[in-house]
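In full-length UniProt numbering, the protein residues as written are 1 to 710. What follows is a single structure, written as structure tokens, with notes after it.
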Amino acid sequence: MTLDYRFFISNSFAGLGIQLGVYQAYIAQDVVNAWVGSLPLSWTAAKSVKKNVKEGTVSNQATEFWTTHRNGEVKLRMGESGPEAKPPLTVNQMFTSAVERFGNYNALGWKEGEQWKTMTYKDYYKTCRTAAKGFLKLGLKQYHGVGILGFNSVEWFIADIGAILAGGFAVGIYTTNSPEACQYVAENCQANILVVENHKQLQKILQVQDRLPHLKAIIQYKDELKEKKPNLYTWAEFMELGRDEPDAQLDDIISSQKPNQCCTLIYTSGTTGHPKGVMLSHDNLTWTAFVTGKDVSMTDADKLQEVIVSYLPLSHIAAQMIDIWLPMKAGGVTYFAEPDALKGSLANTLREIRPTAFMGVPRVWEKMQEKMKSIGAKSSTVRRKVASWAKDVGLQTNLNKMELKPLNFRLAKCLVFRKVRKALGLDRCTRCYTGAAPITKDTLEFFLSLDIPLFELYGMSESSGPHTISLPDAFRLISCGKVIPGCKTKIFNPDADGNGEICFWGRHVFMGYLNMPDKTEEALDADGWLHSGDLGKHDQDDFLFITGRIKELIITAGGENIPPVPIEDAVKEAVPLVSNAMLIGDKRKFLSMLLTIKCEVNNETGAPEDELTTEALDLCRNLGSNATRVSEIAGGRDRVVYAAIQDGINRVNEKATSNAQRIQKWTVLEKDFSIPGGELGPTMKLKRPVVMKMYKDQIENFYKEPLSPT
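This is the structure we're talking about:
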């Protein structure tokens, strides 16, 4: 099981900064006009809009909280009052309700040349219905997958929802997947249709096509086809298939759908084995969107329309919930960033779109922090002093939660904070979130000092996204906030300090893993509680704090249980030069650690380079080191830097609760961990077994030599 919502990254973060980017148009407006202009909402479809706004019908035959069968139904965790009692809805029912309320409001936006183009909710729904009829025409069978492999786009959304309306499963596939990984997902969900972005992704599918017996068609939604093949369609050709199809078959399928049936599969990253297909029901998506939207105070479009930027991988539930389902619930508008958003163009998109809410994984916020520090270092002495004063004021005011802001804070806001927000494109953003991985206290305090509090989220694919959320009036540094309304948290088998396994209860809990009953029974206990595999505890005010993962727990040769993440985070905080840290010590006599140094990342490949980042260079200079490359530091080549790292580790060791929790040996590796290198998964999660195998020689050396820093 995976800690998959605190978030994800598919490629390089290099260049994420304040400079302007050049946009590449990737959806032609005349194509969209062709999709929509000739798609009158038929009388049958119009009637279905009205008919399907009613609450969904749930089978009374479902008696179990879980199933692993593709056509299975589950018992919903409903209550007698409050959010738990909200009548369940299908995706179509939520969508048609949005069309009735917000039909003329913009739903989607994308860039064509230098102009932003938009699509209304009415046209959005029409187009999804056309796509659904196109899928049926191509032979999509009920409870079979439509795999989607590509970067966020209008077509991605339409394929996803079209698959659901047609009675299939919407299945996102990570763009970083190998052909074999794509094959596994497509085979596991019995995909009838695969939708790919471009020629690069198409080639992956063509390599394994002969091993996919259920596959009937492939659709490429971007760029021209380089060669024609049987059952291979452009997006325009595909949409043409559904345009003239009658509505009767689709309407019958939609009418037969139940909220407690599966509509979406989210595949885990497969850090420790084959990915698991997380089955999410209509109710999982619609109910979670309802309670989360209400919890974070999303405003309906007829009052003040919410604006979202879509750029994080849609193969992950967090991006789907934030980009697709939450906006649909409130009539918000989602704009699509460029495919190279995480390589530099995101900052420009944010300034143009000015979102009202923004979700960034820790690495995104860290890159912003590094860029601002780099720019600040080049400012005049006066500017630096004013900025430092303002940040001190901002941090103390926010930490003290002062409702009546003092005069110096208001002055700092006028001189510094507003300008920073505008430069980042966050000047009208009322909620900035972080999740998918732990974020350092240093980064949280940096943005808090600029009056940009980052609200942490926590959840997983198996909880349809969020389980706890930090809010403006309820947050603690390093906490993931409080449980969302209508859900419950239980700490299972807590120790003397209150640490135990975090368990979830609520209508956001998934149906089961497709075709994996054993894995499902491991995740869901007899009473229906989802066991996350994460360790955590509550404070006296019920704020949740994550302290580690059960599977990552180190049990030393002496029998002491040690969660590695808190120690790794402490080292990164004590030694800002460190990018990644991995604690070693399972079945060993003492703890050791592998460290990497902050370095530049290749814009095209996402691979780490040898050159130090600007922040790392400044840190080295302050230490008295002239190092400019990782290779000048690794392996003990720079004694000054090694002495500084040892000093930081000594400070961490001083706070250790026992001698067994002290880091006795460590070394700096030649390159940073990365997705292309295999050390990190698609969500930037550390693949510990992979790292152990890759660096087994260095690890064994720790335990061959006497106890002293390397």
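Note that the Cβ used here is the ideal one computed from N, Cα and C, for glycine as well. The structure presented is a predicted model; accordingly, all values stated were derived computationally and were not measured.
Local conformation of residue i per DSSP, three classes
i, result
"P709", "In this prediction, P709 scores a pLDDT of 46, lower than 50, which makes its location untrustworthy; no coordinate-derived value is stated."
"A337", "coil"
"M694", "helix"
"W116", "strand"
"L16", "Reliability fails at L16, whose pLDDT of 40 lies under 50, so the model's placement of it is uncertain and no value is given."
"E240", "helix"
"S97", "helix"
"P689", "helix"
"F545", "strand"
"K551", "helix"
"E73", "strand"
"K47", "Here K47 scores only 46 on pLDDT, less than 50, and its place in the model is too uncertain to base an answer on."
"G681", "coil"
"L583", "strand"
"N701", "helix"
"K482", "strand"
"D30", "Unreliable placement is indicated for D30, whose pLDDT of 40 sits below 50; the coordinate value is still reported in the next sentence. D30 falls in the helix class under three-state DSSP."
"N561", "strand"
"C262", "strand"
"A474", "strand"
Exposure label - residue i; buried when at least 16 CB within 10 Å
i, result
"N400", "exposed"
"P689", "exposed"
"G648", "buried"
"T63", "exposed"
"T349", "buried"
"K488", "exposed"
"S461", "buried"
"L415", "exposed"
"D473", "exposed"
"F492", "exposed"
"S310", "buried"
"E237", "exposed"
"I502", "buried"
"I205", "buried"
"G113", "exposed"
"D638", "buried"
"L342", "buried"
"P246", "exposed"
"D672", "buried"
Per DSSP, cross-strand counterpart(s) of residue i
i, result
"E611", "R629"
"T234", "Q220"
"F501", "Contrary to the premise, residue 501 reads as Glu rather than Phe in this sequence. BP columns for E501 point to F492, L535."
"W110", "K117"
"E456", "T434"
"V601", "P608"
"Y513", "V278"
"A357", "R431"
"P466", "G459"
"W666", "M593"
"G147", "V171, L194"
From the options, residue whose alpha carbon lies closest to that of residue i
i, options, result
"A217", "T234, N192, E237, R211", "N192"
"L312", "S297, V296, T288, L346", "L346"
"G678", "K665, T667, V668, M692", "M692"
"F543", "A574, H467, S532, R77", "H467"
"V91", "C599, I173, D569, M321", "M321"
"Q183", "N71, E197, P213, C128", "P213"
"C599", "G512, L612, R588", "L612"
"R354", "L138, A337, P362, W365", "A337"
"G536", "L285, T67, T605, P566", "P566"
"K133", "G113, G162, E560, K111", "G162"
"L326", "L514, T596, L342, V296", "V296"
"K75", "Q664, G168, F510", "F510"
"Q698", "T356, L595, V578", "L595"
"A166", "T547, Q93, L136", "L136"
"E370", "E80, L577, P83", "L577"
"G558", "S658, G79, A301", "S658"
"H282", "N152, D539, Q93", "Q93"
"P608", "G548, N580, K126, M593", "N580"
"N188", "K685, P275, E224, A248", "P275"
is_contact[residue i, chain C] using C-beta, thresh 7 Å
i, result
"T556", "Protein chain content of the structure displayed is limited to a single chain, and chain C is not contained in it."
Residue i CB to nearest heavy atom of the ligand GDP below 6 Å
i, result
"Q190", "In the structure on display, the ligand GDP does not appear, and there are no ligands present to speak of."
Going along the chain, which unbroken runs of the beta strand (DSSP E) with 3 or more residues stay wholly within the segment 265-316? 277-281, 307-310
Uninterrupted beta strand (DSSP E) stretches inside the segment 156-218 (no shorter than 3 residues): 169-173, 193-196
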